[in-house]
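Worksheet: the structure to be examined is printed underneath.
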Amino acid sequence: MTVLGIMLGTAALVITLSVLSGFEREIKEKVVAFTSHIQILGYQNEPLREYRRSIERVKEGVPGVKSISPFAAKEGMIRSRSAVDGILLKGIDVSEEIVAPRQHLIKGRFLVEDGTGPAQVVIGSKLARKLAADVGDKLVVFALPMNGAPSLQPRAMQFQLAGIYESGMAEFDDIYAYTTLRNAQKLFRLDDDVTGFDVLVNDITKVDEVAGRIESLLGSPHFARSVFQLYRNLFSWVELQKKLSPLLLSLITVVATVNMIGTILMFVLEKTRAVAILKSLGAGPSIIRRIFILQGLSIALGGVVLGNLLAYVFCWIQLNFRILSLPSDIYYMSSVPILLQPANFLLVSGVALVMSFVTTLLPSAAAARLDPVVALRFG
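Numbering (our numbering), first residue to last: 363 to 741.
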C-alpha cells in the first residue's frame, strides 16, 4: 500500500506540474502570437495624428523595436441576415500586419488592400457560427464616430466576409473582426488619423522597458502598454495556479510521510525477533538503522519510479490523443495542455526520496534501540 501511495502521489504531482507548465506556455504563446507585444494608444481614446511621423520616430529612436504598425479600432455591432452581435473592429495596415490573423485562417482568404471591390472583413470562427455567416456573405457593421456624442447616429458600412480565422482562444474568436485601415478610418470618420500602434520587439523579456521608452519618446497623448499589462488578469490567473503547487506538494508529502512511518514501524514490529538475533550476534545500532533506512528507501524508490512512469504515460497519451478536453470559452484552449519538463520529474522525485529518507529515521532509530534480551523474551 505504501508503494501504491507513493506512486499515485508522485504521478499526481508530476501531472499537475506538467499541466500547469502547459497552461502557462499555451496562454503565453497564443496571446503573444495573436496580439502585439506593445500597444500604443491615445488617452481617453483620443485619435493620434501624424502617425507616419510617430512611426519614424519610434523606428529611429527606440532600440529593440522589430516592427510597428498603425491601426484604427473601435467597438461596434455586426449584423448578418440572421443575427446581430457586438464586436471590436480593428482596421490594420495589411502591408505591415503584426497582429493580423493570417496564419490562423481556416476558411477563405485574407484582406487585400487594392481599392477595388467591396470592403472586406475577417472574423473569428465562434462569431461566424453565432452569425450563421460564411465566406462571401454580406455583413453590416454599425459604429459611432470617434469621440462622437451618444446622440449621434451610428454609421453603417457593408462588408463582404473574406475569411474566417480560429486562434484557439474563444475570447478572440468571438470579439475581434479585422478590416483594412482605410475602411476603418472611413467608418469611424478618422480622416487620416489612427487610434493606436501595434509594436513587436526583438526580446519579449524587455517588453516593459521598450514600452517605457516609446511612451517617453512620443509623449502625450500617447501611452504604451505591454501585452502582460493588457492581459494582466489572464497572466495573474496563470501565476495563481502555479502558486498552488507548493501546497499540493506539501499535502502529498505529508500523506506519503505518514504512510512511510507506519510501514517501517510495522516492519520493525514484524522483525523484532530478527533484530534481536542480529544484535545478539554483534550487529551495532548503526547497522540496524542502515537496514531499515535502506528498506524504506527501496520502497520509496519503487513508488517514485512507478509514479514517474505512470505520469509520463499519461502525459504522452494526452499530448498525442488529446483525450481530456476543455471548454475553450473558459480556459482559452480546447484540450488540457501538457509540457513535459525533466525538471518537474526531478523535483518531485527528489522531494519524495528526501522525505522518505527523513521519515525512516524515527522507526529505524526505534529498531536500533531495541533490547535484544527483552525482544527475544517477548518477541
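In this text, a Cβ means the ideal position worked out from N, Cα and C, and glycines have one as well.
query: Any non-hydrogen atom of the ligand MN within 8 Å of Val720 CB; result: The ligand MN is not part of this structure, which contains no ligands at all.
query: Where Lys633 falls: helix, strand or coil (DSSP); result: coil
query: Nearest-angstrom beta carbon gap, Val461 and Ser529 [assumed within contact, 8 Å]; result: Not a contact, Cβ separation roughly 10 Å.
query: The beta strand (DSSP E) enclosing Pro704, as first and last residue numbers; result: Note, Pro704: premise wrong, no beta strand (DSSP E); alpha helix (DSSP H) at 704 to 730.
query: Own chain partners of Val623 with C-beta closer than 7 Å, once the 5 adjacent residues on each side are dropped; result: For clarity, residue 623 is Ile in the given sequence; the question names Val instead. Taken in chain order, the residues that qualify are Thr721, Leu724, Pro725.
query: Beta-carbon proximity check, Val569 vs Val589, cutoff 9 Å; result: yes
query: As assigned by DSSP and simplified to three states, the class of Ser380; result: helix
query: Residue burial classification, Arg651 (beta-carbon count within 10 angstroms, cutoff 16); result: buried
query: Beta strand (DSSP E) segments (min. 3 residues) lying fully within the segment 542 to 627; result: 558 to 563, 584 to 588
query: DSSP-derived helix/strand/coil call for Val474; result: coil
query: Extent of the continuous alpha helix (DSSP H) to which Ser660 belongs; result: 647 to 683
query: Assigned secondary structure, Val484 (DSSP; H/G/I helix, E/B strand, else coil); result: strand
query: Counted within 10 angstroms of its Cβ, other Cβ atoms place Ile649 as buried (16 or more) or exposed; result: exposed
query: With 16 other Cβ atoms within 10 Å as the buried cut-off, status of Ala586; result: buried
query: Alpha carbon of Thr378 to alpha carbon of Lys488, nearest angstrom; result: 30 Å
query: Residues near Ile576 by beta carbon distance below 8 Å, same chain, minus five either side; result: Ile400, Ile402, Val420, Val424, Val427, Val561, His584, Ala586
query: For Ala395, the three-state DSSP class (helix, strand or coil); result: helix
query: Three-state secondary structure assigned by DSSP to Arg414; result: helix
query: Leu732 versus Gly646, Ala673, Val666, Gln657, residue with shortest Cα-Cα distance; result: Gly646
query: Three-state secondary structure assigned by DSSP to Met369; result: helix
query: Beta-ladder partner(s) of Asp447, from DSSP; result: Ile440
query: Tyr694 - DSSP class collapsed to helix/strand/coil; result: coil
query: As assigned by DSSP and simplified to three states, the class of Val503; result: strand
query: Nonlocal neighbours in the same chain, by C-beta distance under 8 Å from Asn621, ignoring five residues either side; result: Met363, Thr364, Gly367, Ile368
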